[in-house]
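Chains as they are written, first to last, in numbering that gives the first Met the number 0: chain A, 0 to 317; chain B, 0 to 293. Take a look at the structure set out below.
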Amino acid sequence: MPVSPLMTQPPTSAKPQPEPPQVELPARKRPIASVGPANASGGQYPVIDAIKRGETPEPRRHESVMGVPSILEVRDFQLWYGQNKALHGVTMPIAEGKITSIIGPSGCGKSTLLRSVNRLNDLVDGVRTAGSISLKGEDVYARGVDVISLRKRLGMVFQKPNPFPMSIFENVVYALRISGERRKSVLEAACEKALRQAALWDEVKDRLKSSAMGMSGGQQQRLCIARAIVCEPQVLLLDEPCSALDPIATLRIEELILEIGQRYTVLIVTHNMQQAARVSDFTAFMYLGRLVEYGRTADIFQLPRLRETEDYVTGRFG
Amino acid sequence: MAGSFAEFRRRTFSSIMFGLCAAGSALIISILLLVIGYLAWIGVSSLSWEFLAAVPTGDVANPGGMRHAIDGTIILVGLASAVGVPLGVLAGIYLSEYPSEYAATGPLRFIADVLTGVPSIVVGILGYELVVVPVSRWTDSAVSFSGYAGAAALAFIMIPIVARTTEEMLRLVPQSYREGSLALGATRAQTIFRVVLPGAFGGVATGIMLAMGRIAGETAPLLFTALGSRLLTHNPAEPFPSLTLQIYTYATGPYPEQKRLAWAGILVLLAMLFVVNLSIRLIAARHARTRVGT
């Protein structure tokens, strides 16, 4: 039945609308006319229909992903933007040392979930959460958690490259500087190591002192990756890191993600299903703030248990 | 034919409007040139090395120069900026970077806007009542007009201007800088001082220079605070000279030689403001270049 849908699909990386960073989801208790009747799919997609009715069906989590040692545990995690519930009881372990991708249509809450891990959503007014996210067994939402030191243990790369208006060198060592590191030799060694890991060293080693603003978009994004890994984070969070890049720069970043995935645990949110298929070990499919199916990437793309997942990854739905 | 008539009407209307706009601009520019030209014509003849280097003689027929007033203005602006720039920038940071979690940014912004519009004579009276009079009382002296009081009045004018421009400039810094910095484990203060403020440096510097230019040209706030002086003094605890005050004194006085000096003083003041404005332009241009690609 699965006829390797990956190969036949055109790349979707050029989707015109990148997902906005904070997606507000209406908390729908009842089916809404604009969504269509409760069985809009004619019974074809019972799980999606249930979600649209406001239910939170039990996701299909494959045994293959539940068995592996995890570094991050999301447990019944819920999040509201004001009155709007954006995440409905998401439960998923993130495998240590692996690359896990989260896919799903715009507004499914995947970026929100990512930004919940390093508590960047704290910056948004009116955000409330319930449930827990544990990093190495410590709940990041527990009382008295030092958010600053939590964020130092996590690296994050955003949709749009956001190098700071300073030199390439200062960008890379920023995380060390704010921790008070001043020894030039330490900073220089860390900078070279991070830039090498980000496959950027050879391109910029002669102009470390020049502004990061003069780099190309792809270089800037690799610089942001170097900046995020300079302190050797326990988990690297990537929020659609290629959505603002051209196909060639995207390819280079994907190669880089695969390489970095050998050293770090990577959690990547992507719009691009081919990207998820290419780079990740595990894939989670989300829809309207719910986890729908979660398993090994190969299984999600070739042996999904839900028709919804299969039709989403083949582009027939969503 | 109807189409071509409509086109004719449209073209005619467009030409008339263009003519009106051009005429208006030409009028404004020629008035400006006239003023500057007149100033230069009268002022240059009195401008001399003596004017820049000498102090008043007290002799109305041979009044000397304005060295004291030029120094006085520079010191007053420097003192006012030493107080006004840090306070203004900090207030601007508060308004821009600490929005909803801490109360009263709305009222504060409103107050800053109102203060920006307060007539400068009011600031002068305030300086007199709040600085000069109390200091006189504490020190048991008859009059305590001083450079410090003048600088305080100028700083009072400066703070809301610097605060509001700083706020506006910080708001232009992309939110992604802040998120990027915070995600790396930076504190809010580190984010502000290492990323946000440097990112807005050109704009903030421009705002500071504009405020300095504004207070350099103020007279009214100094009338009841610094008072003015005919002596060359660098001690702000004394009654203090400034270009504007000296120009005011000479220009309203009866002696033709002093009036001529006032013209030259105006010319020097304009030249100083011109230099300040030019440096603003240069900073702004550099700023625009470094921001390309963000």
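Ideal placement from N, C-alpha and C gives every residue a C-beta, glycine not left out.
Q.
Helix, strand or coil for A:Asp138? Go by DSSP, reduced to three states.
A. strand
**Q.** Close-in-space but distant-in-sequence residues of the same chain around A:Ser166 (CB under 7 Å, 5 per side omitted)
**A.** Around A:Ser166, the same chain offers Leu207, Lys208, Ser209, Ser210, Ala211 as residues with beta carbons nearer than 7 Å, after the five sequence neighbours per side are excluded.
Q: Output yes or no for whether 8 Å exceeds the beta carbon distance between B:Pro238 and B:Gly227.
A: yes
Q) In the segment 65 to 138 of chain B, which residue ranges form an unbroken alpha helix (DSSP H) of at least 4 residues, counting only runs that do not cross its ends? A) 66 to 96, 104 to 115, 119 to 126, 132 to 138
**Q.** Cα-Cα separation between B:Pro118 and B:Ala284, rounded to whole angstroms
**A.** 32 Å
Q. Count the other CB atoms within 10 Å of the CB of A:Gln274; is the residue buried (16 or more) or exposed (fewer)?
A. Counting the other CB atoms within 10 Å of its CB gives A:Gln274 a total of 16 or more, which places it among the buried residues.
(Q) Does the CB of A:Pro25 have a neighbour CB from chain B at under 8 Å? (A) Low confidence applies here, because A:Pro25 scores a pLDDT of 45, under 50, leaving its location unreliable; read the following figure in that light. Chain B, which has no Cβ nearer than 8 Å to the Cβ of A:Pro25, makes this no.
Q. Which value, in whole angstroms, describes the spacing of the CA atoms of B:Gly216 and B:Gln245?
A. 12 Å
Q. In terms of residue numbering, what span does the alpha helix (DSSP H) encompassing B:Ile191 cover?
A. Run containing B:Ile191: none; DSSP gives neither H nor E here.
Q | Range covered by the beta strand (DSSP E) that runs through A:Gln77 | A | 69 to 80
(Q) With three or more C-beta pairs closer than 8 Å as the rule, is the segment 66 to 74 of chain A touching the segment 241 to 259 of chain A? (A) no
Q. What are the boundary residues of the beta strand (DSSP E) that includes A:Val234?
A. From DSSP, the beta strand (DSSP E) with A:Val234 extends over 234 to 238.
Q. Would a C-beta distance cut-off of 8 Å place A:Lys109 and A:Met285 closer than the cut-off?
A. With contacts defined by Cβ atoms closer than 8 Å, A:Lys109 and A:Met285 form a contacting pair.
**Q.** Cβ neighbours of A:Asn161 in the same chain (closer than 7 Å, five flanking residues each side left out)
**A.** Cys223
Q) Across which residues does DSSP place A:Met91 in a beta bridge pair? A) A:Val73
Q | Range covered by the alpha helix (DSSP H) that runs through B:Met211 | A | 200 to 215
Q: List the DSSP bridge partners of A:Gly154.
A: A:Leu235
Q | Whole-Å CB distance - A:Ile252 paired with A:Arg277, under 8 Å assumed | A | About 11 Å separates the two Cβ atoms, so there is no contact after all.
Q. Is there contact here, the segment 69 to 89 of chain A with the segment 122 to 133 of chain A, by at least three beta-carbon pairs under 8 Å?
A. Per the Cβ contact rule, the segment 69 to 89 of chain A is in contact with the segment 122 to 133 of chain A (3 or more Cβ pairs under 8 Å).
Q. For B:Phe144, does the count of other Cβ atoms within 10 angstroms reach 16, so buried, or fall short, so exposed?
A. buried
Q) Hey, does A:Pro303 have any beta-carbon neighbour from chain B nearer than 8 Å? A) no
Q) How should A:Asp205 be labelled, buried or exposed, when 16 other C-beta atoms within 10 angstroms of its C-beta is the threshold for buried? A) With fewer than 16 other Cβ atoms within 10 Å, it is exposed.
Q.
So, with DSSP's three-state summary, where would you put A:Glu191?
A. helix
Q: Determine, using beta carbons only, whether A:Ala243 comes closer than 8 Å to chain B.
A: No, no contact with chain B.
(Q) Using the three-state DSSP reduction, which class does A:Met285 fall into: helix, strand or coil? (A) It is a strand residue.
Q. B:Glu178 CB to nearest chain A CB: under 8 Å?
A. yes
Q.
Taking 8 Å as the threshold (beta carbon to beta carbon), is A:Ser148 in contact with chain B?
A. yes
Q.
If I measure Cβ to Cβ from B:Val203 and keep anything under 6 Å in the same chain, skipping five residues before and after, which residues do I get?
A. Thr165, Met168
**Q.** Of the residues A:Ser215, A:Ala174, A:Ile102, A:Leu186, the one placed nearest B:Thr190, counting alpha carbons only
**A.** A:Ala174
Q: Please classify A:Leu302: does DSSP put it in a helix, a strand, or coil?
A: coil
Q. Of the choices B:Val88, B:Cys20, B:Ala270, B:Leu231, whose alpha-carbon is the least far from that of B:Ala52?
A. B:Leu231
Q) Can you name, in chain order, every residue of its own chain whose Cβ lies under 6 Å from the Cβ of B:Ile158, other than the five neighbours on each side? A) Gly83, Leu86, Gly87
Q) Is the Cβ-Cβ distance between B:Ala210 and B:Ala148 less than 8 Å? A) no
Q. Does the beta-carbon of B:Leu302 have 16 or more other beta-carbons within 10 angstroms, so that it is buried, or is it exposed?
A. The structure shown does not extend to residue 302 of chain B, since chain B is modelled only from 0 to 293, so the question has no answer here.
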